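Take a look at the structure below.
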Amino acid sequence: MAKVIFHHTDGKNEEVTIRDGHTILRAAIQGRVSLRHKCGGRASCTTCRVQIPNQDGVSKPNLKEIQKLGQAGINENLRLSCQTKVYKSVDAHIPEDPYKARIRSLLKKQQEN
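Numbering (the numbering used here), first residue to last: 1 to 113.
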């Protein structure tokens, strides 16, 4: 069995155990972890991207991931959770929702004025 530990930007962590070879997105859905995904796991939207600092326990980036994220994204340890298969314990850092980040930024500006 493989394990995915999801790290949220608010400091909350969630751990989900899955079968070897299942994707990170499948783990998120199975564990009811909040991870955005619009295309249903077809690697066409990039909303399910996560950062995986240590990629020893996951599959290598496939062609779809490289095309969507670019080599620069791959070098920054970004992966598409719908394409990344897990074989061991792995830490997946979920980036902040862009809408929440924008709202937080606007509220901060408003408080400064």
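Each residue gets a CB set at the ideal place from its N, CA and C atoms; glycine is no exception.
Note that this is a predicted model, so its numbers are computed, not measured.
Own chain residues within Cβ distance below 8 Å of residue i, not counting five before or after
| i | result |
| --- | --- |
| LYS64 | ALA43, LEU80, GLN83 |
| PRO53 | ASN77, ASP91, HIS93 |
Test item: CB-CB of residue i and residue j under 8 Å
| i | j | result |
| --- | --- | --- |
| LEU25 | ARG49 | no |
| HIS22 | LYS85 | yes |
| THR9 | GLU96 | yes |
| GLY57 | TYR99 | no |
Close Cβ partners of residue i (< 7 Å) along its chain, the five nearest in sequence each way excluded
| i | result |
| --- | --- |
| THR47 | ARG36, HIS37, LYS38 |
| VAL33 | PHE6, GLU14, VAL16 |
| GLY31 | GLU14, VAL16 |
| LYS12 | none |
Alpha helix (DSSP H) segment containing residue i, residue limits
| i | result |
| --- | --- |
| ILE5 | Segment 2–7 is the beta strand (DSSP E) holding ILE5; no alpha helix (DSSP H) there. |
| GLN110 | 98–112 |
Span of the beta strand (DSSP E), counted from its first residue to its last, around residue i
| i | result |
| --- | --- |
| SER89 | 89–93 |
6 Å CB neighbourhood of residue i in its chain, flanking five on each side removed
| i | result |
| --- | --- |
| ILE18 | ALA2, ALA27 |
| PRO61 | ILE74 |
| ASN113 | none |
Per DSSP, the bridge partner or partners of residue i
| i | result |
| --- | --- |
| LEU80 | ARG49 |
| LYS68 | Partner(s): none; LYS68 has no beta bridge. |
Closer than 7 Å: residue i CB and nearest the ligand PLP heavy atom
| i | result |
| --- | --- |
| ALA2 | Inclusion of the ligand PLP in the displayed structure is not the case, the ligand content being empty and no account of it being possible. |
| Taking the runs of the alpha helix (DSSP H) that are 4 residues or longer, which of them lie wholly in the segment 13–64? | Here the runs fully enclosed are 24–30.
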